[in-house]
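In our numbering, the protein residues as written are 10 to 355.
I have placed the structure first, in the form of structure tokens, so that the comments after it can refer back to it.
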Amino acid sequence: MSSTKVLTDSERAEILRPPGLRSAGLPAFIVMSVILVLLLAVPVLTDIRFYYLQVTILIFFYATLGTAWGIVGGYCGQHSIGQAAFVGIGAYASTLLYMKKDISPWIGLFAGMLLAALIALIIGYPLFKYGLRGDYFALGTVALGLIIYELTNSFSTITGGSQGIPLKYEDNPWNFQFPDRKYYYYIGFILWLVTVVISYRLRRSRRGFEMLAVRDDEIAAARGGISIMRAKLTAFVIGAVISAAAGTFFAQFLLFIDPGTVMSLEISVQVILVAVLGGMNSYLGGTVGAIVLVPVSQFLSSRFTQSPGADVAVYGVILVLLVIFMPNGILGLLRKSPRWRKVIGW
Numbered sequence: 010m011s012s013t014k015v016l017t018d019s020e021r022a023e024i025l026r027p028p029g030l031r032s033a034g035l036p037a038f039i040v041m042s043v044i045l046v047l048l049l050a051v052p053v054l055t056d057i058r059f060y061y062l063q064v065t066i067l068i069f070f071y072a073t074l075g076t077a078w079g080i081v082g083g084y085c086g087q088h089s090i091g092q093a094a095f096v097g098i099g100a101y102a103s104t105l106l107y108m109k110k111d112i113s114p115w116i117g118l119f120a121g122m123l124l125a126a127l128i129a130l131i132i133g134y135p136l137f138k139y140g141l142r143g144d145y146f147a148l149g150t151v152a153l154g155l156i157i158y159e160l161t162n163s164f165s166t167i168t169g170g171s172q173g174i175p176l177k178y179e180d181n182p183w184n185f186q187f188p189d190r191k192y193y194y195y196i197g198f199i200l201w202l203v204t205v206v207i208s209y210r211l212r213r214s215r216r217g218f219e220m221l222a223v224r225d226d227e228i229a230a231a232r233g234g235i236s237i238m239r240a241k242l243t244a245f246v247i248g249a250v251i252s253a254a255a256g257t258f259f260a261q262f263l264l265f266i267d268p269g270t271v272m273s274l275e276i277s278v279q280v281i282l283v284a285v286l287g288g289m290n291s292y293l294g295g296t297v298g299a300i301v302l303v304p305v306s307q308f309l310s311s312r313f314t315q316s317p318g319a320d321v322a323v324y325g326v327i328l329v330l331l332v333i334f335m336p337n338g339i340l341g342l343l344r345k346s347p348r349w350r351k352v353i354g355w
């Protein structure tokens, strides 16, 4: 006959105690400030080539998605493999409102975020209510991605199906369109920065501590009075909302969307790889992973133009190797240094 340990008030308080808002220190603050200033100044002070500007914008895009996935998979331990579904939801919601109803993509951005949050709640509630976790939760998110992908392909009269939707171009900031690609650089930068700040603040909040507790030991967290489902659902919804916002940005950046471009399995795999490579337990993991992976992915795409899907296979192999040999990512190695640990927030 099993017995359940009753926690004392002091033990329960220790479980519920959020991590202190430990300062990263003046040196770390200076380093981060210099990096941000340089990122803002690069397009203004340098005549950056079009190709490198495009790659940098993609780095911001994947860094945003990797950071969002880190909230779900890193902080809360729920490994979603269908994150691209929410990217597609944001992209299609804003694009259809713009193309069909002439509603500004800026408004469509928030509509896409709201729709993504609603779908994440509808899907996440039963998944977490009935205790799906680990491989079962991952399979559930794969199913979500496949369903949305096929629905988008099937309703071709609305979504354009596999032919996609080319966006009309009017060179109007209200329509999220600009004559110079540098504007997309700055919007991508702001989107990334806001996401990093959200991740940073969340990890150091009580709600973030609850997610970490659930990730480490659900039973102990539940005994400490933490709502397991609330923690998981919160992480899932936050990740979905940020991904949808990135989807709207991506659609306007490309001026074209189709299911294969904005909600493919390749995007989901790349997002996971970005987070794992950088270190999914840190708010900077997605950024570090994107800086390394995006240039590599551009190289692979140019090399495998005649072999569709080969680059995805390469990503899969890299992901398996990372999980086996470097599960904590690049920042996991830096974590061994106390000075770097303050900077990376781990």
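C-beta atoms are modelled at their ideal positions from N, C-alpha and C, and glycine is treated no differently.
In this text the structure is predicted, and so the values were computed from the model without any measurement.
Between the alpha carbons of Asp144 and Leu153 lies a distance of about 14 Å. When C-alpha distances from Gly121 are compared across Ile112, Ile98 and Tyr139, the shortest belongs to Ile98. Shown here, Phe265 sits in a strand according to DSSP, grouped into three states. For Thr270 and Ile228, the gap between their C-alpha atoms comes out near 40 Å. Straight-line measurement puts the Cα of Arg239 at about 21 Å from the Cα of Tyr292.
Inside the segment 155–235, DSSP marks no whole beta strand (DSSP E) run of 3 or more residues. With contacts defined as CB atoms closer than 8 Å, Ala299 and Tyr71 qualify as a contacting pair. Non-local C-beta neighbours of Leu130 in its own chain, meaning closer than 8 Å and more than five positions away in sequence, comprise Leu242 and Val246, ordered along the chain. Taking the Cα positions, Thr65 is about 7 Å away from Tyr194. About 18 Å separates the beta carbons of Thr104 and Ala249, which is beyond the 8 Å limit, so they are not a contact pair. The criterion of a C-beta distance shorter than 8 Å is satisfied by Ile251 and Thr73. Scanning Gly217, Met108 and Val303 for the CA closest to the CA of Leu62 turns up Val303. Per DSSP, reduced to three states, the secondary structure at Arg58 is coil, with no helix or strand assignment. When the beta-carbon positions are compared, Thr161 and Pro268 come within less than 8 Å of each other. In summary, Trp201 is buried, with 16 or more beta-carbon neighbours lying within 10 Å of its beta-carbon over all protein chains present. When rounded, the separation of the alpha-carbon atoms in Ile207 and Asn290 is 14 Å. Taking the Cα of Leu286 as reference, the smallest distance to any Cα among Glu275, Gln307, Leu331 and Phe262 is reached at Leu331. For the options Gly91, Tyr84, Phe95 and Arg58, the alpha carbon positioned closest to that of Ala255 is the one of Phe95. Cβ contact annotation for Thr257 (same chain, cutoff 7 Å, sequence separation greater than five): Gly99, Ala100, Ser103, Pro114, Gly117, Leu118 and Gly121, in chain order. Short of 8 Å from the beta carbon of Ser165, and not among the five residues preceding or following it, lie these beta carbons of its own chain, in chain order: Ser171 and Gln172.
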